[in-house]
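Protein chains in written order, with the numbering used here: chain A, 879 to 1049; chain B, 879 to 1049.
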């Protein structure tokens, strides 16, 4: 038995994809569990005094995941109306926000659509360019592929997960 | 020009390594910049009332990075004494902590040693097992390689980065 796994290129790709998708799924699962656990009152609170509320971060993460759908070529996004209050504007902008129950529904729907797209993506497609990079730039920067989008968004989501944890009662 | 990058297996590996190392470096760079910016007083504050202080998270992240050195086969770790106060114990355990200036020095040193190890690792070595998995388990679960350690630790570090951001003055 060797310390090195002997692989073909396709197996190597499949292995990377598994690693990155597993990290995304683990992060989304954590966030989802937390959103399910937190009451509407807890979600309305600020993660730290004067900082983002749980509701804002819920809308923000739903918007970011929704935007990944067209970026990865998985079809049309579901809720473009989330961008104005949750991406283009900071929390407490005074803009109208959907009720928490609606936001939780959006969050689950955008994740379900994204997960379906992920499941249907072939190994070669993951290493193809995402839709926001030109063919010319991609030829020079082949790391700007679809898998790298998932990697970057995992880190973004995880940074907010750390903040959302502060909404839980102290143990 | 194609949407697909044509690659050999080695190029595929190199590409993926570049993606994962870049994500780690970006995360470490962000955290490092923040630790440099925050005053000792700011680092002594809690990220949110009743939660971890910046100093605890500095020691915690230094300990986690230090442990990555032997885990990835880069040699002996530098500061095993960090584990008791910053990993095995929660914040405000009453255990003695090194002064902030020392902790900042440890943080930079463990990262320098880790980065040197990363730079010296060949593509095949990244896909070899890390030192905490048996050869037998690795044969069944080849995703438990060194690169996956870096991927997981990036997410861990990023979740604490989100929390540490609350130590900055509100903009």
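Note that CB positions come from ideal geometry on N, CA and C, so glycine has one too.
Per-residue burial, residue i [other beta carbons within 10 Å of its own, 16 or more giving buried]
| i | result |
| --- | --- |
| residue 1048(B) | exposed |
| residue 880(B) | The predicted model places residue 880(B) with a pLDDT of 49, which falls under 50 and marks its position as unreliable, so this point remains unresolved. |
| residue 968(A) | exposed |
| residue 982(A) | buried |
| residue 1036(A) | buried |
| residue 971(A) | exposed |
| residue 932(A) | buried |
| residue 1006(A) | buried |
| residue 944(B) | buried |
| residue 1041(A) | buried |
| residue 973(B) | exposed |
| residue 958(A) | exposed |
Nearest residue (CA-CA) to residue i, options the options
| i | options | result |
| --- | --- | --- |
| residue 1008(B) | 1000(B), 1025(B) and 994(B) | 1025(B) |
| residue 1032(A) | 893(A), 993(A), 904(A) and 961(A) | 904(A) |
| residue 1034(A) | 896(A), 889(A), 886(A) and 909(A) | 909(A) |
| residue 941(B) | 929(B), 992(B) and 999(B) | 992(B) |
| residue 1022(A) | 900(B), 926(B) and 886(B) | 900(B) |
| residue 987(B) | 955(B), 962(B) and 1004(B) | 955(B) |
| residue 998(B) | 953(B), 926(B) and 1044(B) | 953(B) |
| residue 989(A) | 907(A), 894(A) and 898(A) | 907(A) |
| residue 937(A) | 919(A), 928(A), 913(A) and 947(A) | 913(A) |
| residue 1056(B) | 1020(A), 902(A) and 927(A) | Only positions 879 to 1049 of chain B appear in the structure, and residue 1056(B) is not among them; the question remains open. |
| residue 978(A) | 934(A), 898(A) and 963(A) | 934(A) |
| residue 984(A) | 951(A), 902(A), 917(A) and 960(A) | 960(A) |
| residue 939(B) | 919(B), 963(B), 1019(B) and 995(B) | 963(B) |
| residue 898(A) | 975(A), 976(A), 996(A) and 948(A) | 996(A) |
| residue 840(A) | 929(A), 980(A) and 948(A) | Any question about residue 840(A) goes unanswered here, given that chain A covers just 879 to 1049. |
| residue 976(B) | 922(B), 916(B) and 911(B) | 922(B) |
| residue 1029(B) | 1011(B), 1046(B), 994(B) and 946(B) | 946(B) |
| residue 951(B) | 1039(B), 896(B), 1020(B) and 1004(B) | 1004(B) |
| residue 896(A) | 1010(B), 930(B), 1000(B) and 1020(B) | 1020(B) |
| residue 1044(B) | 980(B), 915(B) and 1000(B) | 915(B) |
| residue 1056(A) | 1002(A), 980(A) and 911(A) | Absent from the structure is residue 1056(A), since the part of chain A shown begins at 879 and ends at 1049. |
| residue 886(A) | 1010(B), 1011(B) and 1002(B) | 1002(B) |
- Message: To test your reading of the DSSP string, which unbroken alpha helix (DSSP H) runs of 4 or more residues are found completely within the region 885–971 of chain B?
- Response: Considered as a whole, the region 885–971 of chain B harbours 887–915, 918–922 and 932–949 as its complete alpha helix (DSSP H) runs of no fewer than 4 residues, in chain order.
- Mind checking the region 946–980 of chain B against chain A and listing, in chain order, the residues whose C-beta falls within less than 7 angstroms of any C-beta there? Listed in sequence order: no entries.
- Could you list the residues in the region 906–931 of chain A with a C-beta less than 8 angstroms from some C-beta on chain B, going in chain order? Cβ contacts with chain B come from 925, 926, 927, 928 and 929.
- Item | Validate contact between the region 1000–1016 of chain B and the region 1001–1018 of chain A using beta carbons, cut 8 angstroms, 3 pairs | Under the 8 angstroms Cβ criterion, the region 1000–1016 of chain B does not count as touching the region 1001–1018 of chain A, having fewer than three qualifying pairs.
- Task: Determine, using beta-carbon pairs with one atom in the region 890–897 of chain B and one in the region 885–899 of chain A, whether at least three such pairs fall under 8 angstroms.
- Result: Contact holds: three or more Cβ-Cβ distances are below 8 angstroms.
- Message: List, from N- to C-terminal side, the alpha helix (DSSP H) runs of 4 residues or more that fit wholly inside the region 959–1042 of chain A.
- Response: Those alpha helix (DSSP H) runs which fall completely within the region 959–1042 of chain A and span 4+ residues are 978–997, 1001–1004, 1013–1018 and 1024–1042.
- Query: Just by C-beta distance, which residues in the region 1014–1028 of chain A are closer than 9 angstroms to chain B?
  - Reply: Flagged, chain order: 1014, 1016, 1017, 1020, 1021, 1023, 1025 and 1026.
- Residues within the region 889–901 of chain B neighbouring chain A, beta-carbon criterion of under 9 angstroms: So the list reads 889, 890, 891, 893, 894, 896, 897, 898, 900 and 901, given in the order they occur along the chain.
- Query: Taking a cut of 7 angstroms between CB atoms, which residues from the region 989–1010 of chain A lie near chain B?
  - Reply: So the list reads 1002, 1005, 1006 and 1007, given in the order they occur along the chain.
- Relative to chain A, which residues along the region 1035–1046 of chain B have a C-beta separation below 7 angstroms, given in chain order? In summary, the residues of the region 1035–1046 of chain B whose CB is separated from some CB of chain A by less than 7 angstroms are 1036, 1037, 1038, 1039, 1040, 1041 and 1044, in the order they occur in the chain.
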